[in-house]
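Residue numbers (the working numbering): 842 to 999.
C-beta: ideal position from N, C-alpha, C; glycine also.
Keep in mind the model is a prediction, meaning the values are calculated, not measured.
What follows is a short report on a single structure.
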Amino acid sequence: MSRQKYQLYKTDTSFDHRNFFLLLVTGFFVTKLIFFPESIASSFPDAYTPAMTQYLQRRGWYMLLTAMLYIYSYYRNCCFEAVAFVIFEVAICNMVGDFVNVYSKFTNGTVPVELIFFGIVRFAATVCLFLNTFNSHRAPLPPRRLWPSLKNHPASEA
């Protein structure tokens, strides 16, 4: 994307905040999926199976690689609009698939509070990804960062 197209629109000031939130959520879920899959698998009503933990670990590695692709595309400004759109589509498909295949197993019993909380956080992250995808033409100009600037924050003046 050319620099002139970026200058036609006002820069989205909350882009860095959403990226920081996505970075935190992704880091938490990747850590939980890769290093602690047993704790996730034990919350399902079915019996604990090694195949489930292997699936969760593979899903964590897939999520890590996807996040790295998003970060690389964002930093290098390399087809960021297309990459963000594809990752958003994959995130929507995964979330709908999980609601149908995974969360539906809890219809007969009580749903753990942890699962409800993580579902809400996941939905919030998907909304942030949606906003970043459709405001990608208003992303900050390079050089870019994944966390908000603290230059104008009142605590940084003290």
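Does the separation of the CB atoms of residue i and residue j fall below 7 Å?
i                 : j             : result
alanine 882       : threonine 894 : yes
glycine 901       : leucine 874   : yes
asparagine 918    : proline 983   : yes
arginine 979      : threonine 852 : yes
phenylalanine 861 : proline 981   : no
leucine 897       : proline 878   : yes
isoleucine 928    : tyrosine 915  : no
serine 880        : proline 953   : no
Would you decide whether residue i is buried or exposed? Buried here means 16 or more other CB atoms lie within 10 Å of its CB.
i                 : result
leucine 863       : buried
proline 951       : It should be noted that the sequence gives threonine, not proline, for residue 951. Exposed is the call here.
threonine 867     : buried
histidine 994     : Any reading at histidine 994 needs caution, since the residue's pLDDT is 47, under 50, leaving its predicted position unreliable; the model's value is listed next. Burial call: exposed.
phenylalanine 870 : buried
glutamate 998     : At glutamate 998, the pLDDT of 48 sits below 50, so the modelled position is not reliable and the matter cannot be decided from this model.
Relative to the C-alpha of residue i, which residue among the options is closest?
i            : options                           : result
tyrosine 903 : Ser884, Ser880 and Ala932         : Ala932
leucine 970  : Ser884, Arg859 and Pro953         : Arg859
valine 968   : Arg899, Phe876, Ala892 and Phe926 : Phe926
Could you tell me which whole alpha helix (DSSP H) segments of length 4 or greater appear in the stretch 933 to 989? Listed in chain order, they are 954 to 975.
Using a Cβ distance threshold of 8 Å, determine whether the stretch 919 to 926 contacts the stretch 974 to 983, with at least three qualifying pairs required. The stretch 919 to 926 makes contact with the stretch 974 to 983; the number of CB pairs closer than 8 Å reaches 3 or more.
Return the chain-ordered ranges of every beta strand (DSSP E) run that is complete within the stretch 898 to 932 and spans a minimum of 3 residues. DSSP runs (the beta strand (DSSP E)) wholly in the stretch 898 to 932: none.
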